[in-house]
Each structure stands twice: as C-alpha cells, then as structure tokens.
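Read in order, the letters of the sequence shown are residues 765 to 1302 in the working numbering. Working notes for the structure below.
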Amino acid sequence: MYMRVKSIPMARKIPYFKRWVPEWLVKIILFAMTLPGIIIFFLPLSNVNAAAGYYGCEPADIQFSVALFYAGYVGFYCLERRFFSFLAAKEYFLLFTTLQIMACLVCYGTNEVYILFPVRFIQGMLFAGNVNLSLTLIFTRLSSERGREISFSVFFGILICALPFNNLITADLIDSYNFNIIYKTAIFSYVPGLFFLTLAMTNYRTGARFHLYKLDWQSFAVYSTMLVLIGYIMIFGQEYYWLEDPRILGSVIGIGILIVVSVIRQRAIKRPYIDLRVFRYQNFKMGLLILFVMYICRFASGITNNYFITELHFDPFYLSYINVFNLAGLIAGVIIACCMVLQKKRIRNIWIPGFLMLLVFYGMMYYSFDVQADEFNYFIPLFLQGLGVGLIMVPTIIFIISSVPIAIGPSAAAMALAIRYLGFCISIALINYFELFEKSRHYNAFQDHLTAVDPAVKDFLHKQTAKLSAKGMLEDHAAKAAHKLMIGKINAQDHVRFAMDYYEMMCWLLSAALLLIILFPYLNRTALYLKSRRLSPA
C-alpha cells in the first residue's frame, strides 16, 4: 500500500532572476553551470596514465586527487547551507564560480601533485556550493513533485555519465596537448554562464541575513579529516602493506578517534552537523546498503576499461568510442527510472531489473575475457551495465530521502552522499588488493605447471625462436626474446584470470543483493516522492 502524499500548493516563484529572462532559459543555464564542475570531478580518471605522467606521480596519486575532490564535496555539503543564508543568491553564485575558476587556473599552472591535492579538495567544496545552489534555485521554481523528480534525474544522470563523457570529449585534447589543457577548457566553459548570471540575476534575498557566527567549522574539520583519511587508507593501503605501515596504522587509529569525537559532538550540540536520528529508520538503512553495493559494482567496470587497454590494446580514442554504448545505457536507464518514479512504481520493481542488468553484465564479461577478442562482443554488455546503473541511482537516492521526515531530510541526503564516497573508495581498495593477490596466485600456479621440459612450453619457445630467427635475429637473442614473449603471455593470462575472479565475486555480491531485495518485507509498501521544495541534492 502506498504512503499518503499531501498535495503541494502552487507557490510564487522567487524573483532570483529578472523578468525579461525566460523560464526555460533559467533552468538550462542553471543546469549548464553544474556541467564544468561535474566534468572536472572525475577528470583525472579520464586518462590516469597521462595525468600521472604530467604530474610525475603514481596512478594511486591521481586516484587520491579524485578522492580529495569527493571528500571536499561530502564534507562541505552540510556547512554550505550557512553560506547560502548569509549571501544573496547572485553574490553566492558569482563568488563560488569565480573561486572555482581561480582553482582551475592553479591546476592549469602547476605540475606539482602536492599543490594539486589541496586545490582539488577546495574544488570539491566549491562544487558543493555551486551544485546545491543550482538545484535549490531550480527546486524553488518548480511547483510540482513531478518537476522536482525530473530535475533530480537530470542532475544525477549528468553526474553518472561524467566518466564515459569525459573519456569521449577529452581523448583528442589529451593526445594533442598536455594534460592540463583540460583545466584551461574548464575555465572557459564557466565564462558564458558567469556572464549570463551577472546580467540576469537580481540581488533578491529570501529573508534576513544570517551572519556566520557560531559556524560549525569544528564538525566540518573533524568530518572532512575523517573522509580524507578514509580515502588515503583505501587508495594507498595496498601499496604500503596496510597496517604494517605506521602511516596507515596511524590513519586507522585517527579515524577511530574522530568517529568517537564526532558522534559525541553531534549528540551534544543543539543543531547537529548530521542528525543521527536518520539511522532510526529501517528503509533509510536499507537504501544506504543498496546504494553502497551499487557503487562498488559500478566502479568495478574500470577493470573492463583496463582490460581493453592492456590486453586488447585499444588506444584512448577507441576506448572512448566503445564507451559510447555505456553512455547510451546510462541515459536510457535514467530516463526509464525517472518514468517509473513518476508512475509511483514500487522501489522493488525498479531495483530488481537494475541489479539483474548488472548481474547479466558481469556474467557476460566473465565469459568474454580473453587475450584476443572482437570488440563488438562488448557492445551489449557495456550498454547493459549503463542501463543497470541508470535504473538504480536516482530511485535509490529518492528512496533514502523519502524514508525520513522532512526535517532531517538534509541529513539523509548528506549520508547518501557519504555512502557514495565510501563505495568509491572501497571499490578502489578492493580492486587494488585483489589485483595483486589474484595475479600473484595465478602467476605462481602457472610457474608450478610450466617448466622447461613441458611439451607445450618447448613447442612455444621453438616456434617463437624460429620466427624471430627467420626475421634476421641471432639465435641466442631469439631464444631470449622467446622467453620474454612467454612471460608476457603469462602476465596477460594473469590479468585475465584476475578480472574473471573479481567479476565472479561481483556476481555473488549482486546475487546476494537481489535476494535481500526480494526477501525484504517493507519494500512493497514504500512509494517514492520528494516532499521538500528546498531539498538539496545528495
């Protein structure tokens, strides 16, 4: 049985914009202002090797720069509302957009990774302000629940399309110029929207100006430090042998202390940074679990891209083109999910097809991994992966927010954002751990079976030596080169076997999630709706 929803009365549109500005143009510009921030969000992951080469660092450092952006977004999310109440909307937009342009300018002008790290965190904070204000202004101009749900779908559809979209638009730029050209492009992409907002926005203020006294910067500092440490442990833990390294051990101890301090503080202060009462609601916890599983499974698809580059030897151009199928699946999934939400479909009827699509993707990829393959075999799996993620993402976030009272809705949205960050970091940690563990295990297994007297080994070495000798290589050099070729074949098999083992684990995880959804008794009685006109995005 559906939950009863009160009708929302028509509201006067708040005059943030001048009268000559068309309503449709306002909404387009507000969405467009979030695009550059979304693009620079996952920008370093569009070509990790190019980014690592430009900054002279390891790929893990590039992953950490993305985690820092994410941590800045998550940590500043709750504090950002105080700045919105202090500044008029036009002042707020101009200030945060100008600061974001300056941050991009610093990223463009430096090739030092230790300068990049703090700037990326600041960019995440500024992204939180930009996105939250854009969505808030759009929400206040929408008088119906339908409009708010469509706006949520559009925003999160853009967000989850960021990775394949970045790959598509940046492949040519990164190949032709240095990696930092992308930040220069982002700077220029902000300028039209900034110019339009300067002309079109008014200085309207919704109420009294609340000064920034009693700003809960202590909770922000504790929370953000905890998020950064989580990202540091998850990304560098495998490289430093986890708790054997004093840096990782100290970070774990620090997180434990910060969690205790944060919980005690949130229970003690009158206006908590994140209201812990959200954890009293069973559907809220169920939604967080589903979102967490989806994010772990979503980023596991990075193994597929690595497989395309390493084993099938796709160049960045072709990789971006083949990921168009994934992008098409994401768009289709978001549109279908939006229609199902508008029709008040039960959340179970949305989750089950979404997770089934992901399960089919990982099952098909498990049997498609090989050292040689035709690219068209992967078109349908990539589309299905995008379709599954698109189906699950928006309804799950709306489900999480709908599971708690309106008063603590922002805290529910903040926790949904935190769980997405946690899923992103843990997926990186799992991939790093299993890549090293599984590759070593399979390499040792091959060594146990492949010996110099093995007929297959002798036949392979003989054929490769003969081929190289026939092309003019000396016999001794040809024999050594044949051994190197065999080691390369073994390494390729190790990588393929690791990918198969990891995707098999994802299949079991998705099967468990599907079983939980089917058996969970409360999901049949839950409808999706957005109740708050001023709700910020998760």
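Idealized CB from N, CA, C, for every residue including glycine. What you are looking at is a predicted structure, and each value in this text was computed from that prediction instead of being measured.
Residue state for F1078 is assigned as coil, using DSSP reduced to three classes. Within its own chain, the residues whose Cβ lies closer than 6 Å to the Cβ of G921, once the five positions on either side in sequence are excluded, are V1098, listed in chain order.
The residues F833, A867, in chain order, have a CB closer than 6 Å to that of Q887 in the same chain once the five nearest residues on each side in sequence are set aside.
Per DSSP, the beta-bridge partners of M965 are F781. One alpha carbon belongs to L991, the other to F885, and they sit about 11 Å apart. Here the alpha carbons of F1072 and F1147 stand approximately 16 Å from one another.
In chain order, P928, L932 place their CB closer than 8 Å to the CB of V1088, counting only its own chain and leaving out the 5 sequence neighbours on each side. The continuous alpha helix (DSSP H) containing K854 extends over residues 853-873. DSSP, read as helix, strand or coil, puts A1137 in coil. For Y1197, the three-state secondary structure derived from DSSP is helix. Just so you know, the alpha carbons of A1032 and L1052 end up roughly 25 Å apart.
Taking 4 residues as the shortest admissible run, the segment 804-838 contains the following complete alpha helix (DSSP H) segments, listed from N- to C-terminal end: 812-819.
Rounded to whole angstroms, the separation of the alpha carbons of N813 and F1081 is 14 Å. Per DSSP, W1006 lies in no alpha helix (DSSP H) and is assigned neither H nor E.
Contact annotation: E1199 and R1261 have beta-carbon atoms that are not nearer than 8 Å. The three-state secondary structure of G1118, taken from DSSP, is helix. Within its own chain, the residues whose Cβ lies closer than 6 Å to the Cβ of L958, once the five positions on either side in sequence are excluded, are T861, listed in chain order.
The Cβ atoms of L1094 and V1153 sit closer than 8 Å to each other.
Looking from the CA of L809, the closest CA among I914, I938, F1133 belongs to I938. DSSP places R1041 in no alpha helix (DSSP H); its state is neither H nor E.
Just so you know, the alpha carbons of L1022 and I1190 end up roughly 19 Å apart. Across the set L843, V830, A1242, N894, the C-alpha of N894 shows the shortest separation from the C-alpha of E855.
Contact check for Y1130 against Y1267 passes: the beta carbons are separated by less than 8 Å.
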